[in-house]
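Engineer: If you read the sequences in order, they're chains A and W.
Residues 1 to 205 (the numbering used here) are what the first sequence spells out, left to right.
Residues 206 to 410 (the numbering used here) are what the second sequence spells out, left to right.
By construction, the Cβ of each residue, glycine as well, lies at the ideal position given by its N, Cα and C atoms.
Number of protein chains: 2
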Amino acid sequence: MAKEGGLPRQVDHDERRQQIAAAVVRLVSSRGAQAASLRAVAAAAGVSMGAVQHYFTSTDEMLLFALEYGNGLFAARIQDMLRSAKTPVPLRASFRLLCTLLLPLDADSRMGARLWAALIARGCVDEPTSSLAADAYAGLTAFVARWLAEAAGPQAAASMDVGQAARRLVSVIEGLRWPVLFGVYDELEALAVLDSELDQIFGAD
Amino acid sequence: MAKEGGLPRQVDHDERRQQIAAAVVRLVSSRGAQAASLRAVAAAAGVSMGAVQHYFTSTDEMLLFALEYGNGLFAARIQDMLRSAKTPVPLRASFRLLCTLLLPLDADSRMGARLWAALIARGCVDEPTSSLAADAYAGLTAFVARWLAEAAGPQAAASMDVGQAARRLVSVIEGLRWPVLFGVYDELEALAVLDSELDQIFGAD
Chain A
1 MAKEGGLPRQ
11 VDHDERRQQI
21 AAAVVRLVSS
31 RGAQAASLRA
41 VAAAAGVSMG
51 AVQHYFTSTD
61 EMLLFALEYG
71 NGLFAARIQD
81 MLRSAKTPVP
91 LRASFRLLCT
101 LLLPLDADSR
111 MGARLWAALI
121 ARGCVDEPTS
131 SLAADAYAGL
141 TAFVARWLAE
151 AAGPQAAASM
161 DVGQAARRLV
171 SVIEGLRWPV
181 LFGVYDELEA
191 LAVLDSELDQ
201 IFGAD
Chain W
206 MAKEGGLPRQ
216 VDHDERRQQI
226 AAAVVRLVSS
236 RGAQAASLRA
246 VAAAAGVSMG
256 AVQHYFTSTD
266 EMLLFALEYG
276 NGLFAARIQD
286 MLRSAKTPVP
296 LRASFRLLCT
306 LLLPLDADSR
316 MGARLWAALI
326 ARGCVDEPTS
336 SLAADAYAGL
346 TAFVARWLAE
356 AAGPQAAASM
366 DVGQAARRLV
376 SVIEGLRWPV
386 LFGVYDELEA
396 LAVLDSELDQ
406 IFGAD
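(1) What residue range is occupied by the uninterrupted alpha helix (DSSP H) comprising A/L82?
(2) Determine the chain A residues that contact W/F387 at a beta-carbon separation under 8 Å, and present them in chain order.
(3) Does any CB atom of chain A fall closer than 7 Å to the CB of W/Y390?
(4) Below 8 Å, how does it come out for the stretch 232-244 of chain W and the stretch 116-126 of chain A: are there three or more Cβ pairs, yes or no?
(5) Return no unless some Cβ of chain W is closer than 7 Å to the Cβ of A/V172.
(6) Compare the Cα-Cα distances from A/S48 to each of A/R16, A/A66, A/L64 and A/R77 and report the closest residue.
(7) Which residue marks the beginning of the alpha helix (DSSP H) containing A/V125, and which one marks its end?
(8) Could you check whether the Cβ of A/E150 sits closer than 7 Å to any Cβ belonging to chain W?
(9) Thinking C-beta only, is A/L103 closer than 7 Å to A/L176?
(10) With A/E187 and A/L105 assumed to form a contact (beta carbons below 8 Å), what rounded beta-carbon distance in angstroms separates them?
(11) So is A/V193 in contact with chain W if we call contact Cβ pairs under 7 Å?
(12) Could you check which residue in W/L396, W/Y342, W/L324 and W/A339 has the C-alpha nearest to that of W/G268?
(13) Kindly list, in the order they appear in chain A, the residues whose Cβ is closer than 9 Å to that of W/E394.
(14) CA-CA distance, W/T305 and W/N276?
(15) My assumption, with CB atoms under 8 Å, is that W/T264 sits in contact with W/A241. Please give the rounded CB distance.
(16) Considering only C-alpha positions, which residue in the set A/M81, A/Y69, A/S196 and A/A21 is nearest to A/G46?
(17) Measuring only from the beta carbon, is W/L396 closer than 6 Å to any heavy atom that is part of the ligand NAD?
(18) Assign W/P384 to one of two classes, buried (16 or more other C-beta atoms within 10 Å of its C-beta) or exposed (fewer than that).
(19) List the residues of chain W whose Cβ lies closer than 8 Å to the Cβ of A/I78, in chain order.
(20) Name the two residues that bound the continuous alpha helix (DSSP H) containing A/A93.
(21) Are the C-beta atoms of W/W321 and some chain A residue less than 7 Å apart?
(22) On the three-state DSSP scale, how would you describe W/G317?
(23) Return the residue from the list A/R83, A/H13 and A/F74 that minimises the CA-CA distance to A/A51.
(24) Quick check on A/I120 - is its C-beta less than 7 Å from some C-beta in chain W?
(25) Under 7 Å Cβ-Cβ, which residues of chain W neighbour A/L176?
(26) Shorter than 7 Å from the beta carbon of A/R31 to some beta carbon of chain W?
(27) Less than 7 Å between CB atoms is the rule here; does A/Q34 satisfy it with respect to chain W?
(28) Using a threshold of 7 Å, state whether the C-beta atoms of W/Y390 and A/R167 are closer than that.
(29) When you compare only the Cα positions, how much space is there between W/P359 and W/F407?
(30) Got a sec: is the Cβ-Cβ distance from W/P309 to anything in chain A below 7 Å?
(31) What do you reckon, are the CB atoms on W/A326 and A/A107 nearer than 7 Å?
(32) Name the two residues that bound the continuous alpha helix (DSSP H) containing A/M160.
(33) Going straight from the alpha carbon of A/L194 to that of A/E174, what length do you get?
(34) Buried or exposed for A/G112, please, with buried defined as at least 16 other CB atoms from any protein chain shown within 10 angstroms of its CB.
(35) For W/S253, report the span of its alpha helix (DSSP H) as first-last.
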């Protein structure tokens, strides 16, 4: 494609795939996975249907790549926020930040939760998406476990079941997402549940 | 429709809607909400497409009714199991039973979890389904809160934040469902998280 103004430029394959994936993410999180038709995706990405077909051989492949891309964006957002926080971040505060990012309390995280809902629902009926969902949960749990081990220090970590604590914290956050998204638990109620879990891990202040 | 053998019978409207809803539930939990086309539902329910259209004016209405029907089946299953358990059931054991029914540890509860995933995903993009999902979470939380208040007795219930404890327990169970469904946490790991939560509510044995 030619850039406006006439100068042709080399379009990077990965960049174009990501541009399409970003459009798919917007469509899926606003209108659901079934809205990500070839026509709708091409229109949302501002490319031709032929271009979409050039980069993805099937809707399944496109959705899978988009879900992976969306998860990657989200993980990057967490890393960025943690890096930009004051150093050294008190560990409990970092954990709380991480956990609140997963709760659908603002527009970005609501979008993330809706994308995650599409991931779960597709993971129930599509094998490659199921693997992606499994990787996402395993990755999040391992990430939380590493942090917990660091927070506890080598001695305490040896006496604490870090894996169990991580699975528990991930479950609490994951389980809060949907009642919050559907307006059943309000922000204060969700944060109270989260804080009671953090009290258990870090001790009540 | 005439019964095989020739004798016509009065088909009960509600019964026929439920027969179709049961077919939708089977389709959605095995192949996802997008598989519930008019043609597929008619074939699965063993009725004509015209009959499906007679009972449901749109796919959205049909899916909503089926999700509600599936939730109702699940709630009835819980009530039945609790009633058929020895009376009086020790409260911690009843709670554990309730919680394990929500975890996708057997074929029925995996089907329930997949249906719930469809409910969450559709609830993200469809307003009536969002209300249904909200009602389901509110109903489950209220049910757990009532049980907790009974378990604690009037005096303890007054000093305990029953609502908070219920939101927390519901979150833990709900959050365990997906990593279990996708094979990331095994049964023992999930039950260990659940038992640590029950220890907190009922005290460690």
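Structural biologist: According to the data block:
(1) T59 to S84
(2) G123, S130, A133, A134 and Y137
(3) yes
(4) yes
(5) yes
(6) A/R16
(7) Careful: A/V125 lies outside any alpha helix (DSSP H) and carries neither H nor E.
(8) no
(9) yes
(10) 6 Å
(11) yes
(12) The displayed chain sequence assigns Leu, not Gly, to residue 268 of chain W. When each option's Cα is compared against that of W/L268, the closest is W/L324.
(13) G163, Q164 and R167
(14) 16 Å
(15) 7 Å
(16) A/A21
(17) As far as ligands go, the structure on display features none, and thus does not contain the ligand NAD.
(18) buried
(19) Chain W residues near A/I78: none, gap ~18 Å exceeds 8 Å.
(20) L91 to L102
(21) no
(22) helix
(23) A/H13
(24) yes
(25) S376
(26) yes
(27) yes
(28) yes
(29) 15 Å
(30) no
(31) no
(32) It is not in any alpha helix (DSSP H) - A/M160 carries neither H nor E in the DSSP assignment.
(33) 11 Å
(34) buried
(35) Per DSSP, W/S253 belongs to no alpha helix (DSSP H) and is neither H nor E.
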